[in-house]
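In what follows, a single structure is set out as structure tokens and then discussed.
Chains as they are written, first to last, in the working numbering: chain F, 13 to 208; chain Y, 2 to 121.
Next comes the structure, spelled out in structure tokens:
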């Protein structure tokens with residue numbers, strides 16, 4: 013795949029990505045090596061891709077890294093993608109895998125280098141109110157998967173099926189994780205909510 | 002049921018808190034920069050020598066297969082021609098003369114004398 017191809021796509025064709033067939037055309041053009049087409053796909057999906065990664069990793073910086081890794085993987089695997097499939101679902105699965113890899117690497121690194129430190133996962137220097145502070149703490153007490161599921165579902169609006177596909181777990185497991193995560197948060201935030 | 006009530010409304014404090022914590026960076030400048038970084042890494046992949054090598058692997062394999070086939074056909078034809086020439090040479094060569102042994106007459110006389118002497 014090289015940038016030296018003859019397929020012409022007008023610059024700033026983000027509106028083309030609105031429709032499924034337009035996205036299919038972009039994917040085909042990108043598969044033929046059109047860098048502008050791939051850039052348009054990046055532009056169309058990077059916010060959602062960031063959201064997926066951010067739900068899985070612990071920090072904004074890690075989410076940025078995972079998004080870049082994810083798009084790189086997607087670019088390398090583009091030849092194997094069938095254009096008739098939904099590109100977004102395929103891409104977000106790659107993003108989720110890149111994020112999970114990053115989380116695993118971080119865990120290994122932290123276990124090797126910082127055995128006694130507890131990471132502060134949520135970089136939010138501006139947070140002031142009690143609920144947000146307690147919410148940050150409560151989220152650290154969930155399992156990685158529970159936290160990912162609740163954020164993907166309640167913040168990003170993905171369905172249980174989509175979450176299951178992204179994280180490589182059955183839909184029922186995603187549903188169960190969501191239930192347990194909500195119950196745990198409700199329990200941990202009970203007192204602060206009653207103070208509000 | 003309680004958890005459904007807790008999380009079912011968009012304006013719920015916890016959901017708002019989650020959305021606030023997980024909010025994506027705002028502003029086009031950030032996203033433009035991220036896109037540029039992604040595309041820069043993609044361009045690095047494109048320019049890698051292994052990618053160029055990868056591009057040439059299939060044509061090279063096809064060319065090697067064609068060469069092997071051509072070499073095989075040429076060898077087969079050469080062998081065929083060689084066999085044809087050998088057969089042709091064998092068929093067209095003149096018959097080998099048959100040599101006949103003739104007993105010299107001198108030896109016959111001598112033998113007859115010996116038989117005569119010892120036969121007595």
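Note that beta-carbon positions come from the ideal geometry of N, C-alpha and C, so glycine has one too.
Within 10 Å of its beta-carbon, does residue 97 of chain F have 16 or more other beta-carbons around it, so buried, or fewer, so exposed?
For the purposes of this step, residue 97 of chain F is taken as residue 85 along the first chain, with counting starting at 1. Result: exposed.
Would you grab the beta carbon distance between residue 62 of chain F and residue 79 of chain F for me? Rounded to a whole angstrom, and I think it's under 8 Å.
Position 50 of the first chain, counting from 1, holds the residue named residue 62 of chain F. Position 67 of the first chain, counting from 1, holds the residue named residue 79 of chain F. The pair is a contact, with the Cβ atoms about 5 Å apart (cut-off 8 Å).
Three-state secondary structure (DSSP) at residue 56 of chain F?
Taking the first residue of the first chain as position 1, residue 56 of chain F is located at position 44. DSSP places residue 56 of chain F in helix when its eight states are reduced to three.
Name the residue from F:70, F:42, F:121 and F:122 whose alpha carbon lies nearest to the alpha carbon of residue 83 of chain F.
On the first chain, residue 83 of chain F is found 71 positions in, with the first residue counted as 1. Answer by Cα proximity: F:42.
Does DSSP put residue 141 of chain F in a helix, in a strand, or in coil?
Locating residue 141 of chain F in the first chain gives position 129, where the first residue counts as 1. Three-state result, residue 141 of chain F: coil.
Please say whether residue 108 of chain F and residue 64 of chain F have beta carbons closer to each other than 7 Å?
Your numbering for residue 64 of chain F matches position 52 in the first chain. Your numbering for residue 108 of chain F matches position 96 in the first chain. Closer than 7 Å, so yes.
Within the same chain, show all residues whose beta-carbon is closer than 8 Å to that of residue 167 of chain F, passing over the 5 residues directly before and after it, in chain order.
In the first chain, the residue the question calls residue 167 of chain F occupies position 155. For residue 167 of chain F, where only same-chain residues beyond five positions count, the Cβ hits under 8 Å are 63 and 67.
Buried or exposed: where does residue 111 of chain F fall if 16 or more other Cβ atoms within 10 Å of its Cβ makes it buried?
Looking up residue 111 of chain F in the first chain gives position 99. With 16 or more Cβ atoms within 10 Å of its Cβ, residue 111 of chain F is classed as buried.
Please list the partners that residue 54 of chain F has in chain Y, where partner means a Cβ-to-Cβ separation under 7 Å.
Here residue 54 of chain F is taken as the residue at index 42 of the first chain, counted from 1. Neighbours of residue 54 of chain F on chain Y, chain order: 36, 39 and 40.
Look at residue 87 of chain F and residue 43 of chain Y and say whether their C-beta atoms are less than 7 Å apart.
By one-based count along the first chain, residue 87 of chain F stands at place 75. By one-based count along the second chain, residue 43 of chain Y stands at place 42. The answer is yes: Cβ separation under 7 Å.
Mind reading off the beta-carbon distance from residue 114 of chain F to residue 69 of chain F? Whole number of angstroms is fine, and I expect it under 8 Å.
Taking the first residue of the first chain as 1, we reach residue 114 of chain F at position 102. Taking the first residue of the first chain as 1, we reach residue 69 of chain F at position 57. Residue 114 of chain F to residue 69 of chain F, Cβ: 6 Å. Contact.
Does any CB atom of chain F fall closer than 7 Å to the CB of residue 25 of chain Y?
For the purposes of this step, residue 25 of chain Y is identified with residue 24 of the second chain, where counting begins at 1. Chain F, which has a Cβ nearer than 7 Å to the Cβ of residue 25 of chain Y, makes this yes.
For residue 21 of chain Y, which residues of its own chain have a beta-carbon under 8 Å away from its beta-carbon, when the five flanking residues on both sides are left out?
Here residue 21 of chain Y refers to the residue found at position 20 when the second chain is read from its first residue. Within the same chain, residue 21 of chain Y has no close Cβ partners at all.
Given a cut-off of 7 Å on the beta-carbon distance, is the pair residue 197 of chain F and residue 150 of chain F in contact?
Numbered from 1 along the first chain, position 185 holds the residue referred to as residue 197 of chain F. Numbered from 1 along the first chain, position 138 holds the residue referred to as residue 150 of chain F. Cβ atoms of residue 197 of chain F and residue 150 of chain F: closer than 7 Å.
Measuring straight from C-alpha to C-alpha, what distance separates residue 200 of chain F and residue 165 of chain F?
Translated into the one-based positions of the first chain, residue 200 of chain F becomes position 188. Translated into the one-based positions of the first chain, residue 165 of chain F becomes position 153. C-alpha separation (whole angstroms): 19 Å.
Return helix, strand or coil for residue 97 of chain F, following the three-state DSSP convention.
Position 85 of the first chain, counted from the first residue, corresponds to residue 97 of chain F. Looking at residue 97 of chain F - three-state DSSP - the assignment turns out to be coil, as it is neither helix nor strand.
Determine, using beta carbons only, whether residue 95 of chain F and residue 54 of chain F come nearer to each other than 7 Å.
The count along the first chain starts at 1 and reaches residue 95 of chain F at position 83. The count along the first chain starts at 1 and reaches residue 54 of chain F at position 42. Contact flag unset, no.
Quick one, which of F:157, F:202 and F:74 has its alpha-carbon nearest residue 192 of chain F's?
Against the first chain, residue 192 of chain F aligns to sequence position 180. When only C-alpha atoms are compared, the closest one is F:157.
Report, in whole angstroms, the separation of the C-beta atoms of residue 35 of chain Y and residue 76 of chain F, which I expect to be a contact under 8 Å.
Residue mapping note: residue 35 of chain Y aligns to position 34 of the second chain, counting from 1. Residue mapping note: residue 76 of chain F aligns to position 64 of the first chain, counting from 1. Indeed, because the Cβ distance is near 7 Å, the residues count as touching under 8 Å.
Distance, Cα to Cα, residue 73 of chain F vs residue 66 of chain Y?
Locating residue 73 of chain F in the first chain gives position 61, where the first residue counts as 1. Locating residue 66 of chain Y in the second chain gives position 65, where the first residue counts as 1. Each residue's Cα considered, the two are about 50 Å apart.
Under the three-state reduction of DSSP, which class applies to residue 44 of chain F: helix, strand or coil?
Taking the first chain and counting its residues from 1, the one referred to as residue 44 of chain F is at position 32. Coil, per DSSP.
For the alpha helix (DSSP H) that contains residue 92 of chain F, what are its first and last residues?
Your numbering for residue 92 of chain F matches position 80 in the first chain. Counting along the chain, residue 92 of chain F falls outside any alpha helix (DSSP H), and DSSP gives it neither H nor E.
Excluding sequence positions up to five away, which residues of its chain have a Cβ less than 7 Å from the Cβ of residue 85 of chain F?
As a position in the first chain, residue 85 of chain F is number 73, starting the count at 1. So the qualifying residues of the chain are 106 and 110.
If you draw a straight line from the alpha carbon of residue 90 of chain Y to that of residue 71 of chain Y, how long is it in whole angstroms?
In the second chain, the residue the question calls residue 90 of chain Y occupies position 89. In the second chain, the residue the question calls residue 71 of chain Y occupies position 70. C-alpha separation (whole angstroms): 28 Å.
Return the first residue and the last residue of the alpha helix (DSSP H) that residue 173 of chain F is part of.
Reading the first chain from its first residue, position 161 is the one you call residue 173 of chain F. Its alpha helix (DSSP H) spans residues 172 to 179.
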